[in-house]
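One structure is given below, encoded as structure tokens.
Protein chains: 2
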Amino acid sequence: MINPKYKKRAKFYKALAHPTRLFIIDQIAQQEKCVCELTEMVGVDISTISKHLSLLKNEGIVVEDKRGKNVYYTLKCPCILTLFDCVKDSLKEDG
Amino acid sequence: MINPKYKKRAKFYKALAHPTRLFIIDQIAQQEKCVCELTEMVGVDISTISKHLSLLKNEGIVVEDKRGKNVYYTLKCPCILTLFDCVKDSLKEDG
DNA sequence: ATAATACTTGGTAAATTGACCAAATGTTCA
DNA sequence: TGAACATTTGGTCAATTTACCAAGTATTAT
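For the record, the sequence lines run as chains A and B.
The first sequence runs 1 to 95 under my numbering.
The second sequence runs 96 to 190 under my numbering.
In structure tokens:
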């Protein structure tokens, strides 16, 4: 059926389709954060955060940097914030 | 936990997170289509397409226009195509 | 080496999603 | 009115998602 590129695009949107992952992206856009910092901010199990980050990494949205005991995450490309603004604007318009 | 706006944003991305729905949006961006036309293009049950359209409508992405026996769908705001291009570009860059 | 901290991975259970079928609704046309 | 077509809605089932816990891995510090 439908061109396989649609599947790939859908997978990308799916990576963004969770409140916690959007929150994580907003946070690390400001400054790199390690898993335990994000865990404390969100208030769920650390394994849950780790899996969200793993998913974002697989989708090429974030990159990790292991330093010492910690793993720090940052945005792979800040251009995703442009996309965020675009969506936020369009959500502002309708109810 | 996390600001409820994240939930709303996530819901919007979720609406885009399906190959069939992306295909539908691309198609109706070119020209309005009725449910049965989209059904034939995609090749699944008409009820499945109807539900995808209903979801897109609830998210404010498409609008419907009932004319005669048919229901025609169009994009509520073509600005979503800008967002699409942005995502397509970023997917082109990494493998 | 051992303990402590940070993170990842595997398992499980509950919730959600997506597909189909069948039935209900609405519109046109004879 | 009744038949035919277009669409929506409800039900069911399989697959996916997400959260937690527990166990495993890796690094630092004693």
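Glycine is no exception: its CB is placed at the ideal position from the N, C-alpha and C atoms.
Residue range 157-162 is occupied by the beta strand (DSSP E) that includes Asp160(B). Here Pro114(B) is buried. Its C-beta has 16 or more other C-beta atoms within 10 Å. In the three-state scheme derived from DSSP, where H, G and I count as helix and E and B as strand, Val130(B) is classed as helix. One Cα belongs to Pro173(B), the other to Ala124(B), and the distance between them is close to 7 Å. Following the DSSP letters along the chain, one finds Asn153(B) in no beta strand (DSSP E) but inside the alpha helix (DSSP H) bounded by residues 141-153. Scanning Lys11(A), Phe12(A), Thr39(A), Ala10(A) for the CA closest to the CA of Ile24(A) turns up Thr39(A). Contact between Leu56(A) and Ala15(A) is confirmed by a C-beta separation of about 6 Å, below the 8 Å threshold. By the beta-carbon neighbour count (other beta carbons within 10 angstroms, threshold 16), Ile141(B) is exposed. Per DSSP, Ala112(B) lies in no alpha helix (DSSP H) and is assigned neither H nor E.
If you draw a straight line from the Cα of Ile175(B) to the Cα of Tyr72(A), it is about 33 Å long. With respect to Phe12(A), Leu178(B) sits apart: the two C-beta atoms are not nearer than 9 Å.
The continuous beta strand (DSSP E) containing Asn165(B) extends over residues 165-170. C-alpha of Arg21(A) to C-alpha of Asp160(B): approximately 35 Å in a straight line. For the 9 Å CB-CB criterion, Met136(B) and Gln122(B) form a contact. Taking the Cα positions, Lys164(B) is about 19 Å away from His147(B).
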